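**Q** According to our numbering, the sequence shown holds residues 962 to 1305 in order.
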Amino acid sequence: GDDIASDSGLESRLHQSPVSLFLCDEIGYLFKALKYHANPYNAKIISTLLKLYSSAGDLYKGRVFADTVKQRTILQPCCCLWGTSTPRSFLEGVSQTEVENGWLSRCLIFNSTNDPPKNRDYRRLDFPKDVVRDVYKWYTRIIDSPQHEGDIDGYVHGGMACGMESRPPNQILIPTNEAANKIFIDFDNYCAKMAAENSNTSILWKRCEENARKIALIVAAGDSFDTPEITGSIADYSCRLVKYIVNDFIDNVAGEISSSPIESKKLKLLSIVGKTKAAGCQKWILTQNTRGYSKRERNDYIDDLLAGRELIHRLVQTGGRGKKTGFYWLPEYYPYPDEEIEDV
962 GDDIASDSGL
972 ESRLHQSPVS
982 LFLCDEIGYL
992 FKALKYHANP
1002 YNAKIISTLL
1012 KLYSSAGDLY
1022 KGRVFADTVK
1032 QRTILQPCCC
1042 LWGTSTPRSF
1052 LEGVSQTEVE
1062 NGWLSRCLIF
1072 NSTNDPPKNR
1082 DYRRLDFPKD
1092 VVRDVYKWYT
1102 RIIDSPQHEG
1112 DIDGYVHGGM
1122 ACGMESRPPN
1132 QILIPTNEAA
1142 NKIFIDFDNY
1152 CAKMAAENSN
1162 TSILWKRCEE
1172 NARKIALIVA
1182 AGDSFDTPEI
1192 TGSIADYSCR
1202 LVKYIVNDFI
1212 DNVAGEISSS
1222 PIESKKLKLL
1232 SIVGKTKAAG
1242 CQKWILTQNT
1252 RGYSKRERND
1262 YIDDLLAGRE
1272 LIHRLVQTGG
1282 RGKKTGFYWL
1292 PEYYPYPDEE
1302 IEDV
């Protein structure tokens, strides 16, 4: 699928196919609809995704209906969401709530600041044959369910007692060697330390070790078809990748997430000023880049930011005869640190 219309539709799809991949282009628009409740059918999509995530190794029980035919029970649902978005659209679609409820900590967000030029010499390349071969081998692999081992053993041998309509899925167990397990434990301790140091971003570190283990599982399966194993090198790579993703998100994305349209507009002003760094930003630049704001609205937001010292304003002499021009800075780029800042 390439879109999610509602939480009920999501449940229905996974009930039919417990392993489903959703490819969502411009996913920021979906998040925006969820954030501002543009469609009542979208309201519970995030909460359903959270529940599916927690039930990935267990039994997912859908909403209870008077008509038992509509009741959906899914064993080990594997719901994969792959989305792309422009940075601005993504930021406008998420709020502080998604940070606090753990939704974003369950996602791997790859942030890119590159804006590649248009390529007029584009040509389609064939997929690497070895990758195609390995993917096809895994897709067609026949896996015998292990007897009396693994985390679905109770369901496999409990039969219909768990309310399943069909036999649970077979699975292959990929072992983690001792060196890899130690790396994961050390990484989990590191994440716990980082979470304790900053309460504002602590939730983002909570599931890092779990995410690293999932990445390691994918890498190990791709590394060896016959005898896959999570080794120390695979664990090290996975932990370093997750650490980079979370730090990048905290440094470049988390600070721009807003909880309301007003806060979003203020953050846009801060972003515009921040891009000018120590050179400072003149008022006409702010006006030119916020044409959707009324003059009064823009000035009110600037006054609020100045009052909270999130912005600094100063008149700077830019010409002869005492001519001065007003500039705005973010506090970290203010070029006159030794001079007292006047309260607004």
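Backbone N, C-alpha and C define an ideal beta-carbon position, used for all residues, glycine too. Owing to the predicted nature of the structure, the values given are computational and were not obtained by experimental measurement.
Cα separation between residue 996 and residue 989?
**A** Working through the sequence shown from its first residue, we reach residue 996 at position 35. Working through the sequence shown from its first residue, we reach residue 989 at position 28. Going from the Cα of residue 996 to the Cα of residue 989 covers about 10 Å.
**Q** By how many angstroms is the C-alpha of residue 1147 removed from the C-alpha of residue 1076?
**A** Here residue 1076 refers to the residue found at position 115 when the sequence shown is read from its first residue. Here residue 1147 refers to the residue found at position 186 when the sequence shown is read from its first residue. Cα-Cα distance, rounded: 37 Å.
**Q** Mark residue 1334 as exposed unless 16 or more other C-beta atoms lie within 10 angstroms of its C-beta, in which case mark it buried.
**A** Absent from the structure is residue 1334, since the part of the chain shown begins at 962 and ends at 1305.
**Q** Let me check understanding here. Comparing Cα to Cα, which of 1238, 965 and 1185 lies closest to residue 1368?
**A** A question about residue 1368 goes unanswered here, because the residues of the chain that appear run from 962 up to 1305.
**Q** Could you work out which residue in 1053, 992, 971 and 1054 is closest to residue 1014 when comparing CA atoms only?
**A** Locating residue 1014 in the sequence shown gives position 53, counting from the first residue. It is 971.
**Q** Should the region 1189-1205 be regarded as contacting the region 1170-1177, the criterion being three or more beta carbon pairs within less than 8 Å?
**A** Yes: the two stretches touch, three or more of their Cβ pairs being nearer than 8 Å.
**Q** Whole angstroms is fine: what's the gap from residue 1270's alpha carbon to residue 1165's?
**A** For the purposes of this step, residue 1270 is identified with residue 309 of the sequence shown, where counting begins at 1. For the purposes of this step, residue 1165 is identified with residue 204 of the sequence shown, where counting begins at 1. In a straight line, the C-alpha of residue 1270 is about 27 Å away from that of residue 1165.
**Q** Roughly how many angstroms lie between the CA atoms of residue 1019 and residue 1241, to the nearest whole one?
**A** Translated into the one-based positions of the sequence shown, residue 1019 becomes position 58. Translated into the one-based positions of the sequence shown, residue 1241 becomes position 280. For residue 1019 and residue 1241, the distance between alpha carbons rounds to 54 Å.
**Q** With 16 as the cutoff for other CB atoms within 10 Å, does residue 1119 come out buried or exposed?
**A** Counting from 1 along the sequence shown, the entry for residue 1119 is found at position 158. Because the pLDDT at residue 1119 is just 44, under 50, the model does not fix this residue reliably, and the value given afterwards should be weighed accordingly. Exposed is the call here.
**Q** Taking the beta strand (DSSP E) that residue 1021 belongs to, which residues open and close that run?
**A** In the sequence shown, the residue the question calls residue 1021 occupies position 60. Counting along the chain, the beta strand (DSSP E) containing residue 1021 begins and ends at 1020-1022.
**Q** Should the region 1001-1009 be called in touch with the region 967-986, which here means at least 3 C-beta pairs below 8 Å?
**A** Touching, yes, given that three or more Cβ pairs across the two stretches are closer than 8 Å.
**Q** Report the partner residues of residue 1273 according to the DSSP bridge assignment.
**A** Reading the sequence shown from its first residue, position 312 is the one you call residue 1273. DSSP lists 1290 as partners of residue 1273.
**Q** Just to confirm the assignment, what range does the alpha helix (DSSP H) spanning residue 1179 have?
**A** In the sequence shown, the residue the question calls residue 1179 occupies position 218. Its alpha helix (DSSP H) spans residues 1169-1184.
**Q** Suppose only complete runs of 3+ residues qualify. What are the beta strand (DSSP E) ranges in the region 1226-1271, listed by chain order?
**A** Here no run is fully enclosed.
**Q** Using the Cα positions of residue 1209 and residue 1149, report the straight-line distance between them to the nearest angstrom.
**A** The count along the sequence shown starts at 1 and reaches residue 1209 at position 248. The count along the sequence shown starts at 1 and reaches residue 1149 at position 188. So the two alpha carbons sit approximately 18 Å from each other.
**Q** Can you round the beta-carbon distance between residue 1251 and residue 1236 to whole angstroms, since I take them to be within the 8 Å contact cut?
**A** Residue numbering aside, residue 1251 sits at position 290 when the sequence shown is read from its first letter. Residue numbering aside, residue 1236 sits at position 275 when the sequence shown is read from its first letter. Actually they are not in contact, since the Cβ atoms of residue 1251 and residue 1236 sit about 13 Å apart, beyond 8 Å.
**Q** Can you tell me whether DSSP reads residue 1076 as helix, strand or coil?
**A** The count along the sequence shown starts at 1 and reaches residue 1076 at position 115. In this structure, residue 1076 counts as coil in the three-state DSSP scheme.
**Q** Please report the distance separating the alpha-carbon of residue 982 from that of residue 1044.
**A** Within the sequence shown, numbered from 1, the residue matching residue 982 stands at position 21. Within the sequence shown, numbered from 1, the residue matching residue 1044 stands at position 83. So the two alpha carbons sit approximately 10 Å from each other.
**Q** Which one of 1185, 1215, 1089 and 1157 has the shortest CA to CA distance from residue 1058?
**A** Translated into the one-based positions of the sequence shown, residue 1058 becomes position 97. When only C-alpha atoms are compared, the closest one is 1215.
**Q** What's the C-alpha gap between residue 1027 and residue 980?
**A** Position 66 of the sequence shown holds residue 1027. Position 19 of the sequence shown holds residue 980. If I take the Cα positions, the gap works out to 27 Å.
**Q** What residue does the alpha helix (DSSP H) around residue 980 start on, and which one ends it?
**A** Taking the sequence shown and counting its residues from 1, the one referred to as residue 980 is at position 19. It is not in any alpha helix (DSSP H) - residue 980 instead sits in the beta strand (DSSP E) that spans 980-986.
**Q** With distances taken from CA atoms, which of 1248, 1223 and 1224 is nearest residue 1233?
**A** One-based indexing of the sequence shown puts residue 1233 at position 272. Closest option to residue 1233, Cα to Cα, is 1248.
**Q** Do the CB positions of residue 1037 and residue 1016 come within less than 9 Å of each other?
**A** Residue 1037 sits at position 76 when you count from the first residue of the sequence shown. Residue 1016 sits at position 55 when you count from the first residue of the sequence shown. In contact: residue 1037 and residue 1016 (Cβ atoms closer than 9 Å).
**Q** Let's test the definition: count the other Cβ atoms within 10 Å of the Cβ of residue 1282 and tell me whether it reaches 16, buried, or not, exposed.
**A** Taking the first residue of the sequence shown as position 1, residue 1282 is located at position 321. Looking at its Cβ environment, which holds fewer than 16 other Cβ atoms inside 10 Å, residue 1282 is exposed.
**Q** Per the DSSP calculation, residue 1044 is bridged to which residue(s)?
**A** In the sequence shown, the residue the question calls residue 1044 occupies position 83. Answer by DSSP bridge pairing, in chain order: 985.
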